[in-house]
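Number of protein chains: 2
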Amino acid sequence: MAEKGVTPRSEDYSRWYTDVVQKAELADYSPVKGCMVIRPYGYTLWENIQAALDRRFKETGHVNAYFPLFIPLSFLQKEAEHVEGFAPQLAVVTHGGGEKLEEPLVVRPTSETIIGHMYSQWIRSYRDLPVLINQWANVVRWEMRTRLFLRTTEFLWQEGHTAHATQAEAEEETLRMVGVYADFAINEAAIPVIQGKKSDREKFAGAVYSTTIEAMMGNGWALQSGTSHFLGQNFARAFDIKFLNQNNEMEYAWTTSWGLSTRMVGAIIMTHGDDQGLVLPPRLAPIQVVIVPIWRKDTEKMPVLALAHQVTAALKAAGIRVKLDDRDEVSAGYKFNDWEMRGVPLRIEIGPRDVEQNAVVFARRDMPGKEGKTFGVPVEGVARAANDMLVTLQAALLQRATAFRDANTRAVRNYDEFKQVLDGPGGFIRVHWAGSDEDEDRIKDETKATIRCYPFDAPEGEGICFYTGKRTDRVAIFARAY
Amino acid sequence: MAEKGVTPRSEDYSRWYTDVVQKAELADYSPVKGCMVIRPYGYTLWENIQAALDRRFKETGHVNAYFPLFIPLSFLQKEAEHVEGFAPQLAVVTHGGGEKLEEPLVVRPTSETIIGHMYSQWIRSYRDLPVLINQWANVVRWEMRTRLFLRTTEFLWQEGHTAHATQAEAEEETLRMVGVYADFAINEAAIPVIQGKKSDREKFAGAVYSTTIEAMMGNGWALQSGTSHFLGQNFARAFDIKFLNQNNEMEYAWTTSWGLSTRMVGAIIMTHGDDQGLVLPPRLAPIQVVIVPIWRKDTEKMPVLALAHQVTAALKAAGIRVKLDDRDEVSAGYKFNDWEMRGVPLRIEIGPRDVEQNAVVFARRDMPGKEGKTFGVPVEGVARAANDMLVTLQAALLQRATAFRDANTRAVRNYDEFKQVLDGPGGFIRVHWAGSDEDEDRIKDETKATIRCYPFDAPEGEGICFYTGKRTDRVAIFARAY
Numbered sequence: 003m004a005e006k007g008v009t010p011r012s013e014d015y016s017r018w019y020t021d022v023v024q025k026a027e028l029a030d031y032s033p034v035k036g037c038m039v040i041r042p043y044g045y046t047l048w049e050n051i052q053a054a055l056d057r058r059f060k061e062t063g064h065v066n067a068y069f070p071l072f073i074p075l076s077f078l079q080k081e082a083e084h085v086e087g088f089a090p091q092l093a094v095v096t097h098g099g100g101e102k103l104e105e106p107l108v109v110r111p112t113s114e115t116i117i118g119h120m121y122s123q124w125i126r127s128y129r130d131l132p133v134l135i136n137q138w139a140n141v142v143r144w145e146m147r148t149r150l151f152l153r154t155t156e157f158l159w160q161e162g163h164t165a166h167a168t169q170a171e172a173e174e175e176t177l178r179m180v181g182v183y184a185d186f187a188i189n190e191a192a193i194p195v196i197q198g199k200k201s202d203r204e205k206f207a208g209a210v211y212s213t214t215i216e217a218m219m220g221n222g223w224a225l226q227s228g229t230s231h232f233l234g235q236n237f238a239r240a241f242d243i244k245f246l247n248q249n250n251e252m253e254y255a256w257t258t259s260w261g262l263s264t265r266m267v268g269a270i271i272m273t274h275g276d277d278q279g280l281v282l283p284p285r286l287a288p289i290q291v292v293i294v295p296i297w298r299k300d301t302e303k304m305p306v307l308a309l310a311h312q313v314t315a316a317l318k319a320a321g322i323r324v325k326l327d328d329r330d331e332v333s334a335g336y337k338f339n340d341w342e343m344r345g346v347p348l349r350i351e352i353g354p355r356d357v358e359q360n361a362v363v364f365a366r367r368d369m370p371g372k373e374g375k376t377f378g379v380p381v382e383g384v385a386r387a388a389n390d391m392l393v394t395l396q397a398a399l400l401q402r403a404t405a406f407r408d409a410n411t412r413a414v415r416n417y418d419e420f421k422q423v424l425d426g427p428g429g430f431i432r433v434h435w436a437g438s439d440e441d442e443d444r445i446k447d448e449t450k451a452t453i454r455c456y457p458f459d460a461p462e463g464e465g466i467c468f469y470t471g472k473r474t475d476r477v478a479i480f481a482r483a484y
Numbered sequence: 003m004a005e006k007g008v009t010p011r012s013e014d015y016s017r018w019y020t021d022v023v024q025k026a027e028l029a030d031y032s033p034v035k036g037c038m039v040i041r042p043y044g045y046t047l048w049e050n051i052q053a054a055l056d057r058r059f060k061e062t063g064h065v066n067a068y069f070p071l072f073i074p075l076s077f078l079q080k081e082a083e084h085v086e087g088f089a090p091q092l093a094v095v096t097h098g099g100g101e102k103l104e105e106p107l108v109v110r111p112t113s114e115t116i117i118g119h120m121y122s123q124w125i126r127s128y129r130d131l132p133v134l135i136n137q138w139a140n141v142v143r144w145e146m147r148t149r150l151f152l153r154t155t156e157f158l159w160q161e162g163h164t165a166h167a168t169q170a171e172a173e174e175e176t177l178r179m180v181g182v183y184a185d186f187a188i189n190e191a192a193i194p195v196i197q198g199k200k201s202d203r204e205k206f207a208g209a210v211y212s213t214t215i216e217a218m219m220g221n222g223w224a225l226q227s228g229t230s231h232f233l234g235q236n237f238a239r240a241f242d243i244k245f246l247n248q249n250n251e252m253e254y255a256w257t258t259s260w261g262l263s264t265r266m267v268g269a270i271i272m273t274h275g276d277d278q279g280l281v282l283p284p285r286l287a288p289i290q291v292v293i294v295p296i297w298r299k300d301t302e303k304m305p306v307l308a309l310a311h312q313v314t315a316a317l318k319a320a321g322i323r324v325k326l327d328d329r330d331e332v333s334a335g336y337k338f339n340d341w342e343m344r345g346v347p348l349r350i351e352i353g354p355r356d357v358e359q360n361a362v363v364f365a366r367r368d369m370p371g372k373e374g375k376t377f378g379v380p381v382e383g384v385a386r387a388a389n390d391m392l393v394t395l396q397a398a399l400l401q402r403a404t405a406f407r408d409a410n411t412r413a414v415r416n417y418d419e420f421k422q423v424l425d426g427p428g429g430f431i432r433v434h435w436a437g438s439d440e441d442e443d444r445i446k447d448e449t450k451a452t453i454r455c456y457p458f459d460a461p462e463g464e465g466i467c468f469y470t471g472k473r474t475d476r477v478a479i480f481a482r483a484y
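Top line first, the protein sequences correspond to chains A and B. With the first sequence counted from 1, adding 2 to any position gets you our numbering. With the second sequence counted from 1, adding 2 to any position gets you our numbering.
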């Protein structure tokens, strides 16, 4: 029992996180520095994330394709800001097939350059536009300090790359896709993210501007959970993506890119998890319902298992992802802990008394103890009841996370209060902001807090910048971040 | 028109292949030597292949996971045959994050080693077995001569890696998975593959033995289209994958691996394609039905388009992947050629006369001209009729490919006849075989033909080896191969 537990969050949040990732068997360290192994339970979660996103991408007119893992080093150098941003993080292949390569190849840290090159071959006329392509792929960014899912040398993601005939269309696409990410995060992952624009200091290397979804973790830190970039004509110029417009003039295309990665798994863990382990939103959970049969005497075993199988079949037929835990070698209590650790949203307990009453017990993962239990749920209609409970649970997780975020979002009047909040309760600091890039740097140096975004939704209107004292209508959210 | 055509197969089969891949927009060359870009149409085909396989993997109890792209060079060296086989093909990362690495990392050519290492951490007892994991990933094998989809430096695939408590279970798994590949190839891709065992010369580097599905391409050459390997305890010994068995003794696990790659796209092209371009099996086709509205006068346009939209909606509602080609700027003839090139199985033509009769015309991709047309298909029930036609088409493709394979499979009595067949009609040569490894090498040197497999299904019984004259019950299929 003690062995299976995780470090309490209040004791060491960072260790709690690592404990949960490993004990829930989401991922493991690999012998390759900075690279992780995504274990089946974690990968199934990622598959569910992929499916929910991919559906949204296709509904908004995108198609998938695949571009090479390797990129000639010279390609990265074509866009000045881009190479400056990514150069320190590159993995470089110098030898292939036993020989030294004439030009080193980098393992893609992101694919704007190689995709830009291909687009320059494919796009000739306005009739070829827009190009709306997404890629599911692995990417590599050399990291000194890594953390499972949150920051790893290799990670999995999707990267959308689109080209448009006009600036307006490209900007619309940029916003559409950050909106898709927000819709996914809120309605599938039950994470109440805030959409906004990145500050110039925090934007993607090579973008005109970047937009983001920012989530609040259980310790009040921010996690950038998906970004969508308006690239203007920067990459079109660097890679010569030109087209003949309707007036028969050659013009550079307008491009965007947007990405969301396995980091989202970290966001889910740290938004919903508790001291018993993982808590998964039902819409993404690999196992939505676990059924635990309970018996003492051998005579009880048969009827209990029979009912357990019946309920399992009913749930499966209703399209619920259900697991019957009929292991003989471990106790019911052990099973409870085991599935709580893995964050299964709903547990159904079936004992001899339940068999007599032709009913079962529901136990919600998000509410420990009696409070989260429903006794005497009739077997007739159990699938519907389970489904309703999963819907309730999904909404409850979002509501709880939203309440937590709002309770931990504070305004401050001046820099002293700003520092007090950061050193005290932490969380998001939502303020008017008229500072310069250098002011932003200084705040980061002094407090480790950064501008997470300028939220799109800023009903505050005009006000006074907490740092410069200037009047402004710009609102910023500051926080310490992963 | 001429521009859109492909080189006839009879003129230059190899150019025909490359023409089809590029003109159907399945893939394109990339600026990185040996690496291809899989374009959206080709990638959608791959997604359909993935879905059909992944469903089968899950039905047979497998789960997906993800292991690192990079493997320490020393790992490959732990299994002697394995490193010997793969060393010449490795891409090597020597620098990361601006510094020279202490130990070079290879980009995975296959993942037995890194997965073996992880299994040694995870597997402790017979209760942890079997481990049934699959991974969808990119791999890199440095190639001197590449060909789109068939042989590229980077390719996409799935690799299954399983560990078992007994030899019998592992061998059963090996056979189960080559059977899954055959089931997929025959029933989804309409490719009548032959299942069999590889000769020792052709087996996977590090396997005890390999099994394969072999397909016959339109020029009579063989294409190895998927392999499943029994690894014995070779990798378990190299990576120390040990478990406590039921008798409380430590024992090495028995492992298997199996893979199928984007090469399957090449198999589909070369099994079904013709001089008009691609021909896709309906079950995997990105677009199953294309609807081409035809009108001359403006007054005809509205009613024709209205019916086209109605039929499109009906097919979509029935779950058919349908595309309405309502382009204004190109002629109906141009559209016919365009979709024929892309291999769409069924075309529905709708003209003014069809509107009058409330009917449509079906045109099968696999039968050119009037022969493949059905006139007057009533709009009422059109989705069902289209669906029936797709089922018919799928069966017809398999039947045609099977007839072609059988017509091009020959027996020979001696080595002279063997060489005559290879220099004449080509195809598969199915013979009794009692030769040695050296005999096999000699035949390869002299004729470029190799043993593709010892087919599992060999009703021939005993006979005389064409090469050695010895009696044997072993049957081999020889062919030139990609």
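Where a beta carbon is used, it is the ideal one built from N, C-alpha and C, also for glycine.
Inset, instruction - Please state whether DSSP places arginine 239 of chain B in a helix, a strand or coil. - result: In the second sequence, residue 239 of chain B corresponds to position 237, counting from 1. Looking at arginine 239 of chain B - three-state DSSP - the assignment turns out to be helix.
Inset, instruction - Tell me where the beta strand (DSSP E) around glutamine 79 of chain A begins and ends. - result: The sequence position of residue 79 of chain A within the first sequence is 77, counting from 1. Counting along the chain, glutamine 79 of chain A falls outside any beta strand (DSSP E), and DSSP gives it neither H nor E.
Legend entry - Nearest neighbour of asparagine 136 of chain A, chosen from A:Thr257, A:Glu27, A:Asn250, A:Gly198 [CA to CA]: Mapped onto the first sequence, residue 136 of chain A falls at position 134. Measuring from the Cα of asparagine 136 of chain A, the nearest candidate turns out to be A:Thr257.
Legend entry - Endpoints, alpha helix (DSSP H) assigned at methionine 304 of chain A: One-based indexing of the first sequence puts residue 304 of chain A at position 302. Residues 300-319.
Inset, instruction - Closer than 7 angstroms by beta-carbon distance: list the chain B residues that pair up with arginine 41 of chain A, in chain order. - result: Counting from 1 along the first sequence, the entry for residue 41 of chain A is found at position 39. Against chain B, the beta carbon of arginine 41 of chain A has neighbours under 7 angstroms at Ala67, listed in chain order.
Legend entry - Best match in A:Glu419, A:Thr411, A:Gly44, A:Ala67 for proximity to methionine 219 of chain A [C-alpha to C-alpha]: Along the first sequence, one-based indexing puts residue 219 of chain A at 217. Taking only the C-alpha atoms, the option nearest methionine 219 of chain A is A:Thr411.
Inset, instruction - Go ahead and label serine 438 of chain B buried or exposed: buried means 16 or more other beta carbons lie within 10 angstroms of its beta carbon, across all protein chains shown. - result: Numbered from its first residue, the second sequence carries residue 438 of chain B at position 436. It counts as exposed.
Legend entry - For methionine 3 of chain A, the three-state DSSP class (helix, strand or coil): Position 1 of the first sequence, counting from 1, holds the residue named residue 3 of chain A. Reliability of the predicted coordinates at methionine 3 of chain A is poor, the pLDDT of 36 falling under 50, and the value obtained from them is presented with this limitation in mind. Residue state, collapsed to three classes: coil.
Legend entry - Proximal residues of chain A, C-beta to C-beta of proline 132 of chain B below 9 angstroms: Here residue 132 of chain B corresponds to residue number 130 of the second sequence, with the count starting at 1. Correct list: empty, because the minimum Cβ distance to chain A is about 13 angstroms.
Legend entry - DSSP-derived helix/strand/coil call for serine 333 of chain A: Counting from one through the first sequence, the residue named residue 333 of chain A turns up at place 331. Serine 333 of chain A falls in the coil class under three-state DSSP.
Inset, instruction - Please check if any C-beta of chain B sits within less than 9 angstroms of the C-beta of methionine 3 of chain A. - result: Indexing the first sequence from 1 puts residue 3 of chain A at position 1. The pLDDT assigned to methionine 3 of chain A is 36, lower than 50, so where the model puts this residue is not dependable, and the model offers no usable value.
Inset, instruction - Report all residues from its chain with a CB closer than 8 angstroms to the CB of glycine 1 of chain B; omit the five preceding and five following residues, and keep chain order. - result: No answer is possible for residue 1 of chain B: the residues shown for chain B start at 3 and end at 484.
Inset, instruction - Quick one: residues in its chain with C-beta nearer than 8 angstroms to the C-beta of valine 65 of chain B, no 5 flanking neighbours on either side, listed in chain order? - result: In the second sequence, residue 65 of chain B corresponds to position 63, counting from 1. Correct list, in chain order: Leu134, Ile135, Asn136.
Inset, instruction - Look at the alpha carbon of isoleucine 51 of chain B and the alpha carbon of serine 230 of chain B, and state the distance between them as a whole number of angstroms. - result: In the second sequence, counting from the first residue as 1, residue 51 of chain B sits at position 49. In the second sequence, counting from the first residue as 1, residue 230 of chain B sits at position 228. Cα-Cα distance, rounded: 18 angstroms.
Inset, instruction - Could you name the residues of chain A that asparagine 360 of chain B contacts, counting a contact when the two beta carbons are closer than 9 angstroms? - result: As a working mapping, residue 360 of chain B is identified with position 358 in the second sequence. Simply none; closest approach about 32 angstroms.
Inset, instruction - List the residues of chain B that aspartate 30 of chain A touches, going by C-beta distances under 9 angstroms, in chain order. - result: The residue you call residue 30 of chain A lines up with position 28 of the first sequence. Within 9 angstroms Cβ-Cβ: Met120, Gln123, Trp124.
Legend entry - Residue interval of the alpha helix (DSSP H) (run including glutamine 290 of chain B): Residue numbering aside, residue 290 of chain B sits at position 288 when the second sequence is read from its first letter. Counting along the chain, glutamine 290 of chain B falls outside any alpha helix (DSSP H), and DSSP gives it neither H nor E.
Inset, instruction - Excluding the 5 residues preceding and the 5 following arginine 415 of chain A in the sequence, name in chain order all residues of the same chain whose CB lies nearer than 7 angstroms to its CB. - result: What you label residue 415 of chain A is simply residue 413 of the first sequence in a count that begins at 1. So the qualifying residues of the chain are Phe468.
Inset, instruction - Taking all protein chains shown into account, decide if methionine 3 of chain B is buried (16 or more other Cβ within 10 angstroms of its Cβ) or exposed. - result: Along the second sequence, one-based indexing puts residue 3 of chain B at 1. Bear in mind that a pLDDT of 36 at methionine 3 of chain B, under 50, signals an unreliable position, so the number given afterwards is only what the model happens to contain. Its Cβ having fewer than 16 others within 10 Å, methionine 3 of chain B is exposed.
Inset, instruction - Count the other CB atoms, across all protein chains shown, that sit within 10 Å of the CB of methionine 272 of chain B; report buried if there are 16 or more and exposed otherwise. - result: Taking the first residue of the second sequence as position 1, residue 272 of chain B is located at position 270. Answer is buried; the Cβ neighbour count reaches 16.
Legend entry - Proximal chain A residues relative to valine 94 of chain B, where beta-carbon distance stays under 8 angstroms: The sequence position of residue 94 of chain B within the second sequence is 92, counting from 1. What valine 94 of chain B touches in chain A: Val95, Thr96, His97, Gly98.
Inset, instruction - Put aspartate 14 of chain B into one of helix, strand or coil per three-state DSSP. - result: Counting from 1 along the second sequence, the entry for residue 14 of chain B is found at position 12. In this structure, aspartate 14 of chain B counts as coil in the three-state DSSP scheme.
Legend entry - Among A:Glu27, A:Arg17, A:Ser12, the one whose alpha carbon lies nearest that of arginine 344 of chain A: Counting from one through the first sequence, the residue named residue 344 of chain A turns up at place 342. Arginine 344 of chain A has its Cα closest to that of A:Glu27, out of A:Glu27, A:Arg17, A:Ser12.
Legend entry - C-alpha distance - glycine 321 of chain B paired with lysine 60 of chain A, whole-angstrom precision: By 1-based counting over the second sequence, the position of residue 321 of chain B is 319. By 1-based counting over the first sequence, the position of residue 60 of chain A is 58. Whole-angstrom Cα-Cα distance: 16 angstroms.
Legend entry - Identity of the residues DSSP links to glutamine 226 of chain A by a beta bridge: For the purposes of this step, residue 226 of chain A is taken as residue 224 along the first sequence, with counting starting at 1. BP columns for glutamine 226 of chain A point to A:Glu216.
Inset, instruction - Go ahead and pull the three-state DSSP assignment for methionine 490 of chain B. - result: Because chain B is modelled from 3 through 484, residue 490 of chain B falls outside the range shown and cannot be assessed.
Legend entry - Segment limits, alpha helix (DSSP H) that includes tyrosine 254 of chain B: Here residue 254 of chain B corresponds to residue number 252 of the second sequence, with the count starting at 1. Taken as a continuous stretch (DSSP letters only), tyrosine 254 of chain B belongs to no alpha helix (DSSP H), being part of the beta strand (DSSP E) at 252-254.
Inset, instruction - Tell whether a beta-carbon distance below 9 angstroms holds between alanine 238 of chain A and glycine 87 of chain A. - result: Within the first sequence, the letter at position 236 stands for residue 238 of chain A. Within the first sequence, the letter at position 85 stands for residue 87 of chain A. No.
Inset, instruction - Mind listing the chain A neighbours of glutamate 171 of chain B? Cutoff is C-beta to C-beta under 9 angstroms, in chain order. - result: Stepping through the second sequence from its first residue, residue 171 of chain B is reached at position 169. Within chain A, no residue comes near glutamate 171 of chain B; the closest Cβ sits about 19 angstroms away, beyond 9 angstroms.
Inset, instruction - Identify the contact partners of glutamine 91 of chain B in chain A, using a Cβ-Cβ distance below 8 angstroms as the criterion. - result: By one-based count along the second sequence, residue 91 of chain B stands at place 89. Within chain A, the residues placing a beta-carbon under 8 angstroms from that of glutamine 91 of chain B are Gly99, ordered along the chain.
Inset, instruction - Taking leucine 150 of chain B and methionine 304 of chain B to be in contact with their CB atoms under 8 angstroms, please state how far apart those CB atoms are, rounded to whole angstroms. - result: For the purposes of this step, residue 150 of chain B is taken as residue 148 along the second sequence, with counting starting at 1. For the purposes of this step, residue 304 of chain B is taken as residue 302 along the second sequence, with counting starting at 1. Contact flag wrong, Cβ pair sits at about 43 angstroms.
Inset, instruction - Identify every residue that forms a DSSP beta bridge with arginine 349 of chain B. - result: As a first step, residue 349 of chain B must be located in the second sequence, where it is residue number 347. The partner list for arginine 349 of chain B (beta bridge, DSSP) reads B:Val292, B:Ala365.
Inset, instruction - Would you grab the beta carbon distance between phenylalanine 69 of chain A and methionine 120 of chain A for me? Rounded to a whole angstrom, and I think it's under 8 angstroms. - result: Sequence index remark: in the first sequence, residue 69 of chain A carries index 67 (1-based). Sequence index remark: in the first sequence, residue 120 of chain A carries index 118 (1-based). Yes, they are in contact, since the Cβ atoms of phenylalanine 69 of chain A and methionine 120 of chain A sit about 7 angstroms apart, within 8 angstroms.
Inset, instruction - For phenylalanine 157 of chain B, write down the residues that DSSP places opposite it in a beta bridge. - result: Stepping through the second sequence from its first residue, residue 157 of chain B is reached at position 155. Its beta-bridge partners are B:Val141.
Inset, instruction - List the residues of chain A that cysteine 37 of chain B touches, going by C-beta distances under 7 angstroms, in chain order. - result: The residue given as residue 37 of chain B occupies position 35 in the second sequence. The answer, in chain order, is Pro70, Phe72.
Legend entry - Given proline 461 of chain A as reference, the closest of A:Val94, A:Ala217, A:Asp242, A:Val477 once Cα atoms are compared: The count along the first sequence starts at 1 and reaches residue 461 of chain A at position 459. The candidate whose alpha carbon is nearest that of proline 461 of chain A is A:Val477.
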